[in-house]
Amino acid sequence: MAAFLYRFGGSPDSTQAPGFTDVAVNNQFAKEIGWLASQEISTGWDEGNGAKSYRPLLPVNRDAMAAFMYRFNLKHSAA
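Structure follows, in structure tokens:
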């Protein structure tokens with residue numbers, strides 16, 4: 018999902034660290050996940066104490082994908 022939206026967005030240059038407790042910087046999709054977070058397309062799961070997780074191995078539900086696409090559109094329709 019992260020790679021799909023990142024590529025749909027034109028694969029912009031991004032050096033944003035993922036910022037999620039369960040996504041290491043050497044994760045295969047760390048750049049894409051970091052970009053989603055920096056664009057506020059994915060906000061992650063609140064784990065308390067300001068920590069956020071991404072839960073990359075869980076399936077993406079339709080409602081979550083709809084939210085991601087809505088946020089993507091808000092950020093990129095004016096561009």
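Each residue of the sequence shown is one higher than the last, beginning at 18 in our numbering. Heads up, the beta-carbon is just placed ideally off N, CA and C, and yes, glycines get one too.
- With 16 or more other CB atoms across the displayed protein chains lying within 10 angstroms of its CB, TYR23 is buried.
- The beta carbon of GLY36 is closer than 6 Å to those of ALA54 in its chain, skipping five residues each way along the sequence.
- Within the same chain, Cβ atoms closer than 6 Å to the Cβ of LYS92 are found at GLN56, the five residues on either side in sequence being excluded.
- Note on ALA68: under 16 other CB atoms within 10 angstroms of its CB, so exposed under the neighbour-count rule.
- Bounds of any beta strand (DSSP E) do not take in SER55; it lies within the alpha helix (DSSP H) bounded by 47-55.
- For THR32, the closest C-alpha among the options TYR87, ALA84, GLU49 is that of GLU49.
- Close CB contacts of GLY51 within its chain, under the 7 Å cut and outside five residues either way in sequence, are with SER31, GLN33, ALA34, PRO35, GLY36 (chain order).
- The beta-bridge partner set that DSSP reports for SER70 consists of TRP62.
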